[in-house]
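If you read the protein sequences in the order shown, they are chains A and B.
The opening position of the first sequence corresponds to residue 67 in the working numbering, with each subsequent residue numbered one higher.
The opening position of the second sequence corresponds to residue 634 in the working numbering, with each subsequent residue numbered one higher.
From the three backbone atoms N, C-alpha and C, an ideal C-beta is built for every residue, glycine too.
Remember, it's a predicted structure, so these values are computed and weren't measured experimentally.
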Amino acid sequence: KNEVEQSPQNLTAQEGEFITINCSYSVGISALHWLQQHPGGGIVSLFMLSSGKKKHGRLIATINIQEKHSSLHITASHPRDSAVYICAVDNTDKLIFGTGTRLQVFP
Amino acid sequence: DSGVTQTPKHLITATGQRVTLRCSPRSGDLSVYWYQQSLDQGLQFLIQYYNGEERAKGNILERFSAQQFPDLHSELNLSSLELGDSALYFCASSFWGTGNTIYFGEGSWLTVV
């Protein structure tokens, strides 16, 4: 079993839909990162959080430390949100990555 | 633009050869990380340097080595290359550690033929 599990693996949505991507982990962590990987390969850090909730524009990330679970929400999705979203947990200075969620948003 | 510069962007080489990937971290960042992304294993942490010293080690093969120089740029050396080493290699940097925002370079695509 992977230490970091993401669901779903693939997700398609119509423009404007509300999207949720989930991440569960089984190791102790000091922080959790949400990353976005574009089709060209580049990776951008979206959030780093260790508790509670963070919001940036249409993106919201939450984490429940007790339940070892985090969610990434995208409100009013747009085709430019199409990318792979990767959850990574910080385990003693090492990032352990989930396998990613491939999101496609259609107009 | 993350501020992290990686060269080369693409590299094709033969099995058994040795290559060096280069990374310049974002200005002011002291930590440099190397990651490997392959189709079958996803993203994996290789190694971290902080201010010139090795700080954390992941699934880095013995055929691979890295270092961080006094000007904080880093190099990842891959030797005795095998077909399975074909992957996208990312360098990333942060101010101190993984508890800070991590900035990724565009990656170096390595193809071993």
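Helix, strand or coil: which one does DSSP assign to A:Gly106?
coil
Can you pull the DSSP bridge partners for A:Gly118?
Answer by DSSP bridge pairing, in chain order: A:Ile129.
Cβ-based neighbour list, B:Ile645, same chain, cut-off 7 Å, excluding 5 preceding and 5 following
Closer than 7 Å at Cβ, skipping near neighbours: Thr744 and Val746.
Does the CB of B:Ile735 have a neighbour CB from chain A at under 8 Å?
yes
Please list, in chain order, all residues of the same chain as B:Leu705 whose beta carbon is under 6 Å from its beta carbon, the five residues on each side excluded.
Pro658
CA-to-CA distance, A:Cys153 to A:Trp100, given in whole angstroms:
5 Å
Go ahead and pull the three-state DSSP assignment for B:Leu676.
strand
Starting from A:Thr212, trace the beta strand (DSSP E) in both directions and tell me its first and last residue.
Residue coverage of chain A in this structure runs from 67 to 173, which leaves residue 212 of chain A outside it and unanswerable.
Does DSSP classify B:Asp662 as helix, strand or coil?
coil
I need the straight-line Cα distance from B:Glu695 to A:Gly82, nearest angstrom please.
48 Å
Exposed unless 16 or more other CB atoms sit within 10 angstroms - verdict on B:Gly738
So B:Gly738 ends up on the buried side.
At which residues does the beta strand (DSSP E) containing A:Arg124 begin and terminate?
Here A:Arg124 belongs to no beta strand (DSSP E), and DSSP marks it neither H nor E.
For a cutoff of 8 Å on Cβ pairs, would you count B:Glu686 as touching chain A?
no
Check this for me: beta carbons of B:Thr731 and A:Asp147, under 8 Å apart or not?
The answer is no: Cβ separation not under 8 Å.
Return helix, strand or coil for B:Asp704, following the three-state DSSP convention.
Coil at B:Asp704, not helix or strand.
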